[in-house]
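Worksheet: the structure to be examined is printed underneath.
Protein chains: 2
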Amino acid sequence: MSQRRGRTALTRTELDSWRVFVETTDDLRATLAGRLQSESGISAGDYRVLLELSEAPGRRLRSSHLADAVGWERSRLSHHLGRMEKRGLIRREAAAGDNRGAEAVLTDEGRDALRRSSVPHFHAIRELFLDALTPDQLAAARDVAETLRDHLAALER
Amino acid sequence: MSQRRGRTALTRTELDSWRVFVETTDDLRATLAGRLQSESGISAGDYRVLLELSEAPGRRLRSSHLADAVGWERSRLSHHLGRMEKRGLIRREAAAGDNRGAEAVLTDEGRDALRRSSVPHFHAIRELFLDALTPDQLAAARDVAETLRDHLAALER
DNA sequence: GGTGCATAATTGACGTATCAGCTACCCGGA
DNA sequence: TCCGGGTAGCTGATACGTCAATTATGCACC
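Chains as they are written, first to last, in the numbering used here: chain A, 36 to 192; chain B, 36 to 192.
Following this line, the structure appears as structure tokens:
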């Protein structure tokens, strides 16, 4: 037994699998973000925020709820909303009933930006990701992702 | 047939698969990077550069070769090397034979930083990624990643 | 009705990523 | 020799992400 699986040392296969997985998924993420930026002029973060707001009742959300919805820390969201507000994609209003709070509201301009970007974005997802995989591979990718997601969530608790 | 697969519209399953895949792989990447930073005081980019240099003959590489090896644009590498040089992890020397060129050289301090970070990093890879998956899932993850990598490479040409 | 702790959100500092533009140098040919 | 296009690398501007610290408000309790 020359390759007993230890607690620390990684086998060649494990290391190779890890590397191709992390490098490729990172490349995919960066390529998608670049497409969104060059084709529609918004970042992946902008898209995420615009999408959540567009689906919210009244097209507005408390900052905290928005942060939970997109899975970001508040600080990150606050910086991001600041940049989006400067570009007119959203505006901020004081929250009714809790003077500590703030609500992010989707502007018409933000709604238009989301509409313009959606078709190109879906097209890129199909071209870069869905078209590459067979139905079996897509199902396997989903299974792996769901397993990893649950594993990571369990560790963070 | 209510769910004929079009060129643009995504089915619910396709969209869900995409979302869990991209969100989870991004979470994994960020979690790993955070571990490396907090446990060893270096970024994922630092680790990548240190690893390539440590494996190079003479522990030195031309900037262009290093950029190719890690898959970065030259500008990104240049900024990164500047920060690493300021911290003493590498130094830069003029390339012999081509006065345009620069070589990045691993310092002793850089070598030590890589050594200190390797075991915790491997441990994190095992804990966050390898431990989550069955052997079949790991093989499937690798297959998906290799397929995607080849697909993306073909598109970029 | 004040004290003290928790919560909501923002801010500043710093490292990281991308883009466009710049300098310096190489080399082949008029 | 010098002209010109290509190569190597750096820089500045701007956006993004994380951390620690800060401000302002809510609220329970005495």
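Built from N, CA and C at the ideal position, the CB exists for glycine as well. This structure is a prediction, so every number in the text was calculated from the model and none was measured.
- Between D61 of chain A and R64 of chain B, the C-beta gap is smaller than 8 Å, which places the two residues in contact.
- Burial of S75 of chain A is indicated by the presence of at least 16 other C-beta atoms within 10 angstroms of its C-beta.
- When rounded, the separation of the alpha-carbon atoms in H100 of chain A and W107 of chain B is 36 Å.
- Only residues of its own chain outside the window of five on either side were considered, and among them E87 have a CB closer than 6 Å to the CB of A104 of chain B, listed in chain order.
- Rounded to the nearest whole angstrom, the C-alpha separation of A148 of chain B and R118 of chain B is 15 Å.
- Ranking B:E191, B:D171, B:R161 and B:A174 by CA distance to the CA of A44 of chain A puts B:R161 first.
- In the structure shown, A130 of chain A falls within a coil segment according to DSSP collapsed to helix, strand and coil.
- Taking CB atoms only, W53 of chain A has a neighbour in chain B less than 8 Å away.
- I125 of chain B is outside the set of residues whose beta carbon lies under 8 Å from a beta carbon in chain A.
- Taken residue by residue, none of the region 71-105 of chain A has a beta-carbon sitting less than 8 Å from a beta-carbon on chain B.
- The DSSP-derived three-state label of A139 of chain A is strand.
- Using a CB distance cut-off of 8 Å, L45 of chain B counts as an interface residue toward chain A.
- Interface with chain B (8 Å Cβ-Cβ cutoff): H186 of chain A is included.
- Taking 8 Å as the CB threshold, D61 of chain A lines the interface with chain B.
- Taking every protein chain shown into account, the CB of L190 of chain B has fewer than 16 other CB atoms within 10 angstroms, so this residue is exposed.
- With respect to the 8 Å criterion, D171 of chain A and Q172 of chain B are not classified as neighbours on the basis of their beta carbons.
- By the Cβ test, the region 88-96 of chain A is in contact with the region 139-155 of chain A, since at least three Cβ pairs between them sit closer than 8 Å.
- Measuring C-alpha to C-alpha distances from E144 of chain A to each of A:L124, A:E49 and A:E120 identifies A:L124 as the nearest.
- L168 of chain A is not a Cβ neighbour of T59 of chain B, given a cutoff of 8 Å.
- Chain order gives the chain A residues near R177 of chain B as D51, S52, V55 and F56, where near means a beta carbon separation below 8 Å.
- DSSP lists A:L141 as the beta-bridge partner residues of I125 of chain A.
- Close to R64 of chain B, with beta-carbon spacing below 9 Å, are these residues of chain A in chain order: V57, T60, D61 and R64.
- At a cut-off of 8 Å between beta-carbon atoms, L141 of chain A makes no contact with chain B.
- Not one beta carbon of chain B lies nearer than 8 Å to the beta carbon of A68 of chain A.
- Straight through space, the alpha carbons of H114 of chain A and K121 of chain A are spaced by roughly 11 Å.
- Contact of A167 of chain B with chain A by beta-carbon distance below 7 Å involves T182, L183 and H186.
- Less than 8 Å divides the Cβ of A68 of chain A from the Cβ of S78 of chain A.
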